[in-house]
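K.L.:
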Amino acid sequence: WDGSQQLRQASLEVWQLLEEQAEGDPDTVRGSLNVQDEHRAQERTQLRQKPHCCPDCGKAFSWSSHLIHSTLAKHRRLHTGERPYSCADCGQCFSLGSTLALHRRSLHTGERPYQCTDCGKRFSRSSNLATHRRSLHTNDRPYSCAECGKGFGRSSDLLAHQRSHSEERPHHCAQCGKGFARRSNLLAHQRSHTGERPYPCGECGRCFSRRSDLVSHRRTHTGERPYLCAQCPKSFGQSADLLTHQRTHTGERPYRCHQCGQRFSLSSNLLAHRRVHTGERPYHCAQCGRGFTRSGNLLAHQRRQHAVGETT
Numbered sequence: 011w012d013g014s015q016q017l018r019q020a021s022l023e024v025w026q027l028l029e030e031q032a033e034g035d036p037d038t039v040r041g042s043l044n045v046q047d048e049h050r051a052q053e054r055t056q057l058r059q060k061p062h063c064c065p066d067c068g069k070a071f072s073w074s075s076h077l078i079h080s081t082l083a084k085h086r087r088l089h090t091g092e093r094p095y096s097c098a099d100c101g102q103c104f105s106l107g108s109t110l111a112l113h114r115r116s117l118h119t120g121e122r123p124y125q126c127t128d129c130g131k132r133f134s135r136s137s138n139l140a141t142h143r144r145s146l147h148t149n150d151r152p153y154s155c156a157e158c159g160k161g162f163g164r165s166s167d168l169l170a171h172q173r174s175h176s177e178e179r180p181h182h183c184a185q186c187g188k189g190f191a192r193r194s195n196l197l198a199h200q201r202s203h204t205g206e207r208p209y210p211c212g213e214c215g216r217c218f219s220r221r222s223d224l225v226s227h228r229r230t231h232t233g234e235r236p237y238l239c240a241q242c243p244k245s246f247g248q249s250a251d252l253l254t255h256q257r258t259h260t261g262e263r264p265y266r267c268h269q270c271g272q273r274f275s276l277s278s279n280l281l282a283h284r285r286v287h288t289g290e291r292p293y294h295c296a297q298c299g300r301g302f303t304r305s306g307n308l309l310a311h312q313r314r315q316h317a318v319g320e321t322t
């Protein structure tokens, strides 16, 4: 056995002991563990590992005698699929109580306990507040794209953006093969096959496949436009729309075609432009069969040639 196998076997034995004695006296559990800890102390020093690891995947956890059982139990739900926390409003189940609480705040109660001290906007997640402040108030964008220089507040956003340059789409739909730069976009796309729309609007009842779409939709009821342009009076309901608008001031064109070098301010314009090189025409006219590179060109053709959408 190598060191990692020894550590995994040791943790499995500790886990089994915890399972057997979980309902007993905590002091008894700690006493039993202390005997094993003493025998393995030298081994742990040699391995230079955290004292306990998951017997399923080997992930290591720091030692805390009164917390190790609950910590490992929560982690092992990733392997067992156990979701013991059920939402009383919609029945959706979760592996962690904290995730259930966040779900209820986001979708059912509307509670937003985290408030921005700069503009007063409230959030259901502390991480969303931190991202909001970096994007709009502090302009702290520590993650920069080496290709175009664009900055991001989160490393995950940078990685997703970089795929717009490399055309990498690592997340593929098992049903149609379509690829996506983000796993969240794949999950939302898969709902187009299943028809699932798990996010309902409490105001009008309309349902959405993405939580972010629901959040944006709610602003049509409230009229909220929290994203303000610092260079002109315009405001926007979505941060992405603000970023796109700001390029009209800066002239930034971060999306470059690798075949001819032409640059674009919108990724959608780059995707449409690439079809000039590939010859792809995915939008076809139902009346005459003619193909187009853009959906807007198809609609214009149908109005002009076939009078589609015109009223008499």
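In short: position in the sequence shown from 1, add 10, done, that's our numbering. By construction, the Cβ of each residue, glycine as well, lies at the ideal position given by its N, Cα and C atoms.
1) Which term fits residue 247, buried or exposed, when burial requires 16 or more other beta carbons within 10 angstroms of its beta carbon?
2) Specify, as a first and last residue, the run of the alpha helix (DSSP H) that residue 299 falls within.
3) Could you tell me the alpha carbon to alpha carbon distance between residue 57 and residue 241, rounded to whole angstroms?
4) For residue 134, does the three-state DSSP call read helix, strand or coil?
5) According to the neighbour-count rule (16 or more other Cβ atoms, all chains shown, within 10 Å of its Cβ), is residue 310 buried or exposed?
6) May I ask you to verify whether the segment 212 to 224 touches the segment 297 to 316, counting CB pairs closer than 8 Å and requiring at least 3?
7) Once you ignore the five residues that flank residue 117 on each side, which residues in its own chain have a CB closer than 7 Å to its CB?
8) Under the DSSP definition of a beta bridge, which residues are partnered with residue 70?
9) Is the separation between the beta-carbon of residue 115 and that of residue 96 shorter than 8 Å?
10) Please determine, among 220, 245 and 187, the residue with the shortest C-alpha to C-alpha distance to residue 195.
11) If you run the structure through DSSP and keep just helix, strand and coil, what is residue 273?
12) For residue 182, does the three-state DSSP call read helix, strand or coil?
13) Would you mind stating whether residue 190 and residue 203 have Cβ atoms separated by less than 8 Å?
14) Output the distance between the C-alpha atoms of residue 302 and residue 284, rounded to the nearest integer angstrom.
15) Leaving out five residues on either side along the sequence, give the residues of the same chain with a beta carbon under 7 Å from the beta carbon of residue 132.
P.N.:
Result, derived from the coordinates:
1) buried
2) Unbroken run through residue 299: none, as it is neither H nor E.
3) Low confidence applies here, because residue 57 scores a pLDDT of 43, under 50, leaving its location unreliable; read the following figure in that light. One C-alpha to the other measures close to 57 Å.
4) coil
5) exposed
6) no
7) 209
8) 63
9) no
10) 220
11) strand
12) strand
13) no
14) 13 Å
15) 122, 124 and 125
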